[in-house]
Amino acid sequence: MKSKNYKYILFFISVTIIATISLQIYWNIKNYAENKQRLINDVQIAFDNSVEHYYAEDVKTDFMTFVGNDSIKDPNFVQNIISDSVFIKALTHKKIKPAERVIASSTFTEDDSPKMTTVIKINNSRNASKQEINFIDSPKPESPKTIKGKTTEMHRKPFGLGPGKLSEVKVLTGRRAMDSVSKIQSFTNKILISLTRDSIEFDKVSKTLDKELARKDITIQYGMQHLKTDTVFQNYHLDKNSHFPLSTTSNSTFLPPSQKLKLLFSNPVVEILKRSMVEIILSFLLSLSIIGCLFYLLKTINKQKKVDEIKNDLISNITHEFKTPITTVATAIEGIRNFNAVNDTEKTNRYLDISNQQLKKLEIMVEKLLETATLDTDKLLLHKEPTNIVSTIRNLVEKHKVIHPEKNMSFHSNMEQLIVEIDPFYFENTLSNLIDNAFKYGGNIIDVHLKYAANTLEIMVQDNGQGIEKDQREKIFDKFYRIPKGNRHDVKGFGIGLYYSKKIIEKHGGTLELLSSQELTIFKIKLSDV
């Protein structure tokens, strides 16, 4: 793969990963904000329901309607019924505080006389503090918005309402009853009484709010404020150390226009994340899948790139390794043909010996390549037989001493003779590869050690070379891998020697590992249960 194309692919993968992560972060932030708003809306609904429940259930008897005979039209009617048992019971049940008040209004008509309204304010001692009677012109039904009138004060007249007359008056409690009576025009003699509270019992509101929040599976810390004309009138669970960043205001229609009920609550990050957990997990899995696939693609491309490099290097090495013996054989044949070697028996035999050596070399290289192809399969079968491993190694060392007299090579063993079950051909090739590798890439001192103890055989091939870098130690056992040195290799080879050796030792049930430092390179063969 060309370097330029590889850079383009790497750039595309990087941009895709960044775009995927950015998109998922944006999506999760947006989803978090939406879930936060949904939770705030749920808190708002729960708060409104709690306030509505407080006014509808707990204050529903604060409205009383009197419908009765003509005696109800007297301005002193309200003052007289204050001492009535029904009204006293209502006031006692409501436990009206001194700050609270009762407002009563009566509306009635007599023949064609103007509509009459009575307004009385009552304190908690149940005494009338003021009485005013207003004459207001009755509006026509078709023009209800054109009310014009004037107010005139009337003097209170003595009035007596006996038990008999009071018993003829019907008393209706509740807001619904009052609204129903107000809509019926036939009830011309009626008195509407409303008990208005200045304060709010936060404990009751809080109790209902807790139930609403629990039903919606919401856990928050909160406090409440009762405001009148934007001034705080009451606080609930609020102090100087309270920190509630979120707030909402009740939309209840029961609250007077100049009053507000405000809920302040904590930022429920955990609750919001719980609501977003499915989306977060899906987003994480999607991002992880995409990024994982891209990294796998990048790894595959890198692997393919290395395979291409190894392939090119292998082809180059095979070309040179095969070309040398082929050229030698061709030259020998040409000498026999062109230089009258046929008549010179000695020269002919020399040329034939050279050709035979080179052809054997070609045969060995071809066999190595073929064996390498079968190492990963079950086609390569070992023929184990009892072998004296000590004498086998000693013979290999002596042979390499003759081939490389410039090297200082020695063999050390704690056993004079050791018989083990191995395949002599493949095991000897393995040891030969390790020793040959030490001669090619190692230093001038090469030592081979054999140690047998506790049914375990260890063979170490050691040289005083420069060692192998840490990032190359695992790769050197890969097929066709050679430690890169740019475009130049000082020593020819296919990169299959160590791969071949490792596979053969593993088929014998042992291990081959590299122990390398800056001063020494050691290849260690270990066979157990020998």
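Everything in the sequence shown is counted per my numbering, starting at 322 for the first residue and increasing by one. Positions of the beta carbon are idealized from the N, C-alpha and C atoms, including for glycine.
Residue i vs residue j beta-carbon contact at 8 Å
i, j, result
"L584", "F368", "yes"
"S573", "Y376", "yes"
"N556", "Q542", "no"
"Q783", "L691", "no"
"G788", "Q839", "yes"
"F748", "I825", "yes"
"E522", "N370", "no"
"I346", "I612", "no"
"G816", "R803", "yes"
Alpha-carbon spacing of residue i relative to residue j, whole angstroms
i, j, result
"L701", "D744", "12 Å"
"K705", "T777", "18 Å"
"R671", "I724", "21 Å"
"D792", "I740", "37 Å"
"M736", "A653", "48 Å"
"K682", "F605", "59 Å"
"P465", "F586", "For P465, the predicted structure reports a pLDDT of 36, less than 50, and the residue's modelled location is therefore unreliable. A value from the coordinates is still provided. About 45 Å."
"L582", "D363", "17 Å"
"E592", "L836", "56 Å"
"E684", "E642", "12 Å"
"V336", "Y329", "11 Å"
"S426", "H558", "In this predicted model, S426 has a pLDDT of only 45, less than 50, meaning its place in the structure is not dependable enough to derive any value."
"D674", "R658", "16 Å"
"L848", "P707", "15 Å"
"R596", "Q358", "12 Å"
"T832", "F732", "21 Å"
"N664", "E655", "14 Å"
"S608", "L331", "18 Å"
"Y773", "E779", "6 Å"
"E742", "Y327", "50 Å"
"S712", "N623", "45 Å"
"K351", "I602", "15 Å"
"K668", "P726", "29 Å"
"L703", "G830", "12 Å"
"S769", "D634", "It is worth fixing the name first, because residue 769 is Val in this sequence and not Ser. Cα-Cα distance, rounded: 31 Å."
"S563", "L594", "23 Å"
"M781", "R715", "13 Å"
"E790", "Y353", "50 Å"
"K722", "Q625", "41 Å"
"D757", "E795", "20 Å"
"L548", "E378", "22 Å"
"L530", "S343", "40 Å"
"T648", "I636", "17 Å"
"S450", "R536", "With a pLDDT of 35 at S450, under the threshold of 50, the predicted position of this residue should be treated as unreliable, though the coordinate-derived value follows. Near 47 Å, if we compare the C-alpha coordinates of R536 and S450."
"E834", "T666", "52 Å"
"H730", "T621", "Contrary to the premise, residue 730 reads as Met rather than His in this sequence. Looking at the two C-alpha atoms, the distance is approximately 43 Å."
Contact belief for residue i with residue j at Cβ below 8 Å, rounded distance in angstroms
i, j, result
"F844", "Y820", "Not a contact, Cβ separation roughly 13 Å."
"L360", "P589", "6 Å"
"L717", "L752", "6 Å"
"N765", "K728", "6 Å"
"Q738", "N709", "6 Å"
"S676", "V650", "5 Å"
Nearest neighbour of residue i, chosen from the options [CA to CA]
i, options, result
"T341", "V851, L615 and L755", "L615"
"V553", "D634, S579, E749 and D674", "S579"
"F575", "T842, S849, L841 and E373", "E373"
"E630", "I339, F801 and I817", "F801"
"T570", "G818, Q365 and Y347", "Q365"
"M686", "N750, K528, P577 and L618", "N750"
"I539", "N356, E667 and L603", "N356"
"T550", "S527, R536, P577 and K561", "P577"
"N349", "L619, K632 and V599", "V599"
"V851", "A775, K528 and G544", "A775"
"K828", "L696, I767 and D560", "L696"
"G818", "E688, I767 and S734", "E688"
Residue i beta carbon near the ligand SAM (any heavy atom closer than 7 Å)
i, result
"E378", "Absence of the ligand SAM is noted for the structure shown, with no ligands found whatsoever."
Worksheet entry | Secondary structure, alpha helix (DSSP H): runs of 4+ residues fully inside the region 583 to 652 | 590 to 596
Practice prompt. Would you list, in sequence order, the uninterrupted beta strand (DSSP E) runs of no fewer than 3 residues that lie entirely inside the region 744 to 819?
Written response: DSSP runs (the beta strand (DSSP E)) wholly in the region 744 to 819: 766 to 774 and 777 to 784.
Item to complete: Scan the region 515 to 589 and note each continuous beta strand (DSSP E) run of 3 residues or more that stays entirely inside, going in chain order.
Response: Counting whole runs of 3 or more residues, the region 515 to 589 contains the beta strand (DSSP E) stretches 543 to 549, 552 to 557, 567 to 570 and 580 to 586.
Fill in: Secondary structure, beta strand (DSSP E): runs of 3+ residues fully inside the region 663 to 729
706 to 709
Discussion item. If we require 3 or more residues per run, which beta strand (DSSP E) segments fall completely within the region 819 to 849?
Written reply: Within the region 819 to 849, the complete beta strand (DSSP E) runs of at least 3 residues are 832 to 837 and 842 to 849.
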